[in-house]
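Quick notes on the structure that follows.
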Amino acid sequence: MPNTTDTDILVSGGGVAGLTAAAAFGAAGFSVTCVDPAPPVTEMSDEGSDLRTTAFLQPSRDFLIRAGIWDRLHPHASALQIMRVVDAGGADSVPRSSHDFDAADISDLPFGWNLPNWLLSREILARLGELATVDFRPGIGTASVLTREREALVTLSDGARVRARLVVAADGRASPVREAVGIPVKTTRYGQKALAFAVGHDAPHDNVSTEIHRSGGPFTLVPLPDHDGRPSSAVVWMERGPEVARLAALPVPAFEAEMTERSAGLFGPLTLLTRRTVWPIISQIAARMEAERVALVAEAAHVVPPIGAQGLNMSLGDVRVLLDLAEADPDGLGSRAMLAAYHGARHGEVRARVAGIDALNRASMVSMQGLRDMRMRALQAFYSVKPVRTTLMRAGLGTGRAG
Ligand SMILES: Cc1cc2nc3c(=O)[nH]c(=O)nc-3n(C[C@H](O)[C@H](O)[C@H](O)COP(=O)(O)OP(=O)(O)OC[C@H]3O[C@@H](n4cnc5c(N)ncnc54)[C@H](O)[C@@H]3O)c2cc1C
-19 MPNTTDTDIL VSGGGVAGLT AAAAFGAAGF SVTCVDPAPP VTEMSDEGSD LRTTAFLQPS
41 RDFLIRAGIW DRLHPHASAL QIMRVVDAGG ADSVPRSSHD FDAADISDLP FGWNLPNWLL
101 SREILARLGE LATVDFRPGI GTASVLTRER EALVTLSDGA RVRARLVVAA DGRASPVREA
161 VGIPVKTTRY GQKALAFAVG HDAPHDNVST EIHRSGGPFT LVPLPDHDGR PSSAVVWMER
221 GPEVARLAAL PVPAFEAEMT ERSAGLFGPL TLLTRRTVWP IISQIAARME AERVALVAEA
281 AHVVPPIGAQ GLNMSLGDVR VLLDLAEADP DGLGSRAMLA AYHGARHGEV RARVAGIDAL
341 NRASMVSMQG LRDMRMRALQ AFYSVKPVRT TLMRAGLGTG RAG
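For the sequence shown, our numbering gives the first residue as -19, with consecutive numbering after it.
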């Protein structure tokens, strides 16, 4: 066939999940072609840079080591030793309860490590540059997918064709590959959005990630390295859509005053360090995680509200399982048996996490005082029983009961 290249794996999508998948499969010796119509933005100040941060939990760090990426990331990462959950859901916005989940209760390691997404793209791209096995084609997207029992034929937006044994769909929540192979999704809308930005503050964060609940959704501060000698944190502030639109349009001093109040003053006055970016919040799950010669990973398969740092961590879980299966039987790459095993290993786990985060998000959104009081009592009850607390922590990390 003219103008057709052969590859083991075509990764559709060069977001953080797709780039990581390309590095992991490439490092394992598979040939990989990765395409994305939107070239990655790798400087914080550039238009369109992703100002979200990702808290990589322990299992994700192990996977990043395996993909040869972690050494590049480690110098930029902020450790998360304690997850603090604060309830400020009383009649005023003063904190009325605070619970610390300390990683030391279950592990010698921190819960996770926080890194800005734009920096992740920069460092993973640098890793791809070291791998002769990976052909990354920025500015080019997947245009169509035709699958057969033995291969997938992918036509790209520049007219080139790629014949792959496996297509990894990492092309986001509206995944064109998922659409092309006809896998339906179930979507839940909350009428909520998230503001993501970075702040400076006077009080040190002491490697504590702080989630403050009132109504509309959590206000979460996650540690970043100091900025110009001053403590700094990444913030995700979830509220109902119209409220987010109002907050995003406020002049900076008024916005700073509102976010300082919403943070219950726990870190002193907050100063805005970046622009404010807005993200729609949904839950979504694909009915299956595979089709003939196709595996769905990351937001192509599941989307959750940003609570408990689950989204990208689940995504790396998907890629880890796929890679384990591929390495166990390289000749069976993309086969029906491999993809059925992938679906079997991941879909139940993903479904449970999507349902769990949905419940937490609904609890965080409640505005009636009686419900907010119930939420606080439920957290206190969970927290006060140590085995329940440590089980919750392990479940959040995805390390099960061992550890
Ligand atoms: C505010 C916020 C905070 C978050 N914080 C955390 C956190 O702390 N920890 C965590 O684990 N998760 C977190 N998440 C979730 C995490 O950010 C997402 O899971 C992750 O960024 C999604 O990555 P992705 O690669 O699946 O999708 P995307 O980043 O959407 O990437 C999909 C890519 O596919 C490309 N694409 C589109 N069409 C095509 C095509 N035709 N062909 C090829 N490519 C195509 C797009 O250009 C895009 O680059 C957060 C999410 C939000 C909203």
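Each residue gets a CB set at the ideal place from its N, CA and C atoms; glycine is no exception.
Just so you know, these numbers come straight off a predicted model, no measurement behind them.
Buried versus exposed call for Met218 [16 or more other C-beta atoms within 10 Å across all chains shown]: Within the sequence shown, numbered from 1, the residue matching residue 218 stands at position 238. With 16 or more Cβ atoms within 10 Å of its Cβ, Met218 is classed as buried.
Straight-line Cα distance separating Gly378 from Arg268: Here residue 268 is taken as the residue at index 288 of the sequence shown, counted from 1. Here residue 378 is taken as the residue at index 398 of the sequence shown, counted from 1. Near 21 Å, if we compare the C-alpha coordinates of Gly378 and Arg268.
Where Thr13 sits in the DSSP three-state scheme: Here residue 13 corresponds to residue number 33 of the sequence shown, with the count starting at 1. Thr13: strand per DSSP, three-state reduction.
Exposed unless 16 or more other CB atoms sit within 10 angstroms - verdict on Leu126: Within the sequence shown, residue 126 is the residue found at index 146, counting from 1. Flag for Leu126 reads exposed.
Short Cβ contact (8 Å threshold) for Ile337 with Pro260: In the sequence shown, residue 337 corresponds to position 357, counting from 1. In the sequence shown, residue 260 corresponds to position 280, counting from 1. Result no, Cβ atoms of Ile337 and Pro260 do not sit closer than 8 Å.
Under the three-state DSSP convention, the category Ala325 falls into: Sequence index remark: in the sequence shown, residue 325 carries index 345 (1-based). Correct three-state label for Ala325: helix.
Whether Asn293 touches Phe36 by CB criterion (8 Å): Numbered from its first residue, the sequence shown carries residue 293 at position 313. Numbered from its first residue, the sequence shown carries residue 36 at position 56. Contact: yes.
Boundaries of the beta strand (DSSP E) in which Met239 is found, first to last residue: Looking up residue 239 in the sequence shown gives position 259. Careful: Met239 lies outside any beta strand (DSSP E), inside the alpha helix (DSSP H) at Val232 to Arg242.
CB contact flag (Leu414, Val74, <8 Å): This structure does not reach residue 414, given that the chain is present from -19 up to 383, and the question cannot be answered.
Bridge partners - Phe177, DSSP secondary structure assignment: Translated into the one-based positions of the sequence shown, residue 177 becomes position 197. Paired residue(s): Val215.
Segments of 4+ residues assigned as alpha helix (DSSP H) that fall wholly inside the stretch 147 to 208: 156 to 161
Backbone CA spacing between Ser315 and Ile49 [nearest angstrom]: For the purposes of this step, residue 315 is identified with residue 335 of the sequence shown, where counting begins at 1. For the purposes of this step, residue 49 is identified with residue 69 of the sequence shown, where counting begins at 1. Taking the straight line from one Cα to the other gives about 28 Å.
Contact test: Leu292 Cβ vs ligand 1 heavy atom, cutoff 7 Å: The residue you call residue 292 lines up with position 312 of the sequence shown. Yes, the Cβ of Leu292 comes within 7 Å of a heavy atom of ligand 1.
Gly28 CB to nearest heavy atom of ligand 1 below 7 Å: Within the sequence shown, numbered from 1, the residue matching residue 28 stands at position 48. The answer is no for Gly28.
Bounding residues of the alpha helix (DSSP H) (the contiguous stretch that carries Asp42): The residue given as residue 42 occupies position 62 in the sequence shown. Where Asp42 is concerned, the enclosing alpha helix (DSSP H) stretches over Gln38 to Arg46.
Length of the line joining the Cα atoms of Arg333 and Thr168: Position 353 of the sequence shown, counted from the first residue, corresponds to residue 333. Position 188 of the sequence shown, counted from the first residue, corresponds to residue 168. Computed Cα separation, rounded: 14 Å.
Ser295: first and last residue of the uninterrupted alpha helix (DSSP H) it sits in: Indexing the sequence shown from 1 puts residue 295 at position 315. Residues Gly291 to Ala308.
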